[in-house]
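Asker: Sending over a structure as structure tokens; questions will come in a sec.
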Amino acid sequence: MKDTYTGKGWDKEWLTGQVMNILNFYYPSCLDHQNGGYLHTYKDDGTVLDEKGKHLVGTSRFIYLFSTGALLVGPDWCKEAALEGLDFLCSHHLDRKHGGFYLELQGQAPINKEKYLYGHAFAFLAANMAYKAGIEEAREWAVDIFDEIERHFWDPVHGLYKDHYSENWGYLSPYRGQNGNMHMCEALITAYEATRQPKYLDRAILLARNVTLGLAAQSGGMIWEHYDENWRIDWSYNKGNTKDEMRPYGFIPGHSIEWSKLLLLMERFRPQDWMIPRALELYREGMKRGWDSQYGGFFYSLDPNHKPIDHDKNYWVTAEAVAASALFARRTGQSEFKKWYGTVLSYASENFIDHEHGGWYKLLNRENQKYSDTKSTAPKTDYHPAAAFYEIIKTLE
272 MKDTYTGKGW DKEWLTGQVM NILNFYYPSC LDHQNGGYLH TYKDDGTVLD EKGKHLVGTS
332 RFIYLFSTGA LLVGPDWCKE AALEGLDFLC SHHLDRKHGG FYLELQGQAP INKEKYLYGH
392 AFAFLAANMA YKAGIEEARE WAVDIFDEIE RHFWDPVHGL YKDHYSENWG YLSPYRGQNG
452 NMHMCEALIT AYEATRQPKY LDRAILLARN VTLGLAAQSG GMIWEHYDEN WRIDWSYNKG
512 NTKDEMRPYG FIPGHSIEWS KLLLLMERFR PQDWMIPRAL ELYREGMKRG WDSQYGGFFY
572 SLDPNHKPID HDKNYWVTAE AVAASALFAR RTGQSEFKKW YGTVLSYASE NFIDHEHGGW
632 YKLLNRENQK YSDTKSTAPK TDYHPAAAFY EIIKTLE
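Each residue of the sequence shown is one higher than the one before, starting from 272 at the first, in our numbering.
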């Protein structure tokens, strides 16, 4: 694939423009003036498709997006939009009777009251990003969310987080998953950046060790998604369902690449001798097994024998590969990563970035054709590409 972005991809103004193109696609139509919070579902041209559905992850990701805009560019509307989401998060997603956050709402009414680590991790991420962006009241919310996560989800025996509970915390599912732990690690890194409290970085590194070294040892190096209550691999859980937002079946090359990025972020603050070697292994394995050499882009899911079983191209995998490639290039200076960065960024520009309306398309088939004209459904929000460009900008600073 032709590399047309090696030079432009290192320009801070261009990268910031990519973030703002995403924000400008959603704003101001994403503000829900009837129920509060945000509207989550859009066609390619920005037409709103659903005026009622709310998702905890989507609400949290919008807060992250607008906080990022406030950090990079600083317009008042970004901070105001982040505040709108934070208020809705703490007013309507919050379960005032039992604590924690509802996963899904219809308008302001909860329709999925179960408590998921995945959703709480994004709420914690959102509160810390809002605090980084200068929203002082978000600091207290971040502390409260972390305390709630620790109270219910933390498993000190295994050094990992449990996955989900019933509404009143009375029933704990025996399912365990790596995906929620990965996003909790990400949120903890952001919490450390926002506060410089060592406990957050300590916990992020512990999670990273236990997933990328401990759990991965059960499956030969790549990270399987699903486990039982004793953290033993469950090879059959959700078999065939590769489209589950929180629990996709298989080896997900994008998650190997995403973990490599997280290891690089932690290594900036507290380098340990295992971090870079393990990050390189995860990155190279994800790129080698995930990249479609015929059509470009990344296969979404692999079976236990590392053979592709879902050939679709998902926006977030491409975004994570853009970020990880750039971070490796900056960290090592090696041409391998510079080449991958230019290649993947060019692929994203040609296939995922909507240069007319803004934002990224969500899902393509193997031949890089769209399935529909629906650009964004809850909880997408284009969080992954915005976060990718934001992390690259940080490396330039």
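Heads up, the beta-carbon is just placed ideally off N, CA and C, and yes, glycines get one too. A quick note: this is a predicted structure, and the numbers were derived from the prediction, not measured.
What does the Cβ neighbour count give for K368, buried or exposed, with the cut at 16 atoms within 10 Å?
Answerer: exposed
Asker: DSSP puts S647 in a beta bridge; with which residues?
Answerer: DSSP, once it has assigned bridges, lists Y313 as partnering S647.
Asker: Nearest to K240 by alpha carbon, out of K641, F417, M455, H311?
Answerer: Because residue 240 is not part of the residues shown, which for the chain are 272 to 668, the question remains open.
Asker: From G308 to G491, what does the alpha carbon distance come to, in whole angstroms?
Answerer: 43 Å
Asker: Looking at C-alpha atoms only, which residue of G441, S572, D321 is the closest neighbour of K646?
Answerer: D321
Asker: Are the C-beta of Q377 and some C-beta of chain D separated by less than 9 Å?
Answerer: Judged by its chain identifiers, the structure shown contains no chain D, having just a single protein chain.
Asker: In the DSSP assignment, the alpha helix (DSSP H) including D347 goes from what residue to what residue?
Answerer: 347-359
Asker: Find the nearest neighbour of K609 within the set A594, E421, D415, F333, judged by alpha-carbon distance.
Answerer: A594
Asker: In chain order, which beta strand (DSSP E) runs of at least 3 residues are fully inside the segment 548-628?
Answerer: 579-581
Asker: State buried or exposed for E284, treating a residue as buried only when at least 16 other CB atoms are found within 10 Å of its CB.
Answerer: E284 is exposed by the Cβ-count criterion.
Asker: Note down, in chain order, each residue of its chain lying with its Cβ closer than 6 Å to the Cβ of L553, except the 5 sequence neighbours on either side.
Answerer: Once the five neighbours on either side are set aside, the close Cβ partners of L553 are S527, W530, S531.
Asker: CA-CA distance, M272 and T614?
Answerer: With a pLDDT of 47 at M272, under the threshold of 50, the modelled position of this residue cannot be trusted; read the value that follows with caution. Distance between the alpha carbons of M272 and T614: 6 Å.
Asker: Which value, in whole angstroms, describes the spacing of the CA atoms of H429 and N501?
Answerer: 8 Å
Asker: Could you give the residue range of the beta strand (DSSP E) that holds P445?
Answerer: Segment: none, P445 is in no beta strand (DSSP E) and carries neither H nor E.
Asker: Taking the beta carbon of A352 as the centre, do at least 16 other beta carbons fall within 10 Å, making it buried, or is it exposed?
Answerer: buried
Asker: Could you pull the start and end residues of the beta strand (DSSP E) that P381 belongs to?
Answerer: 380-383
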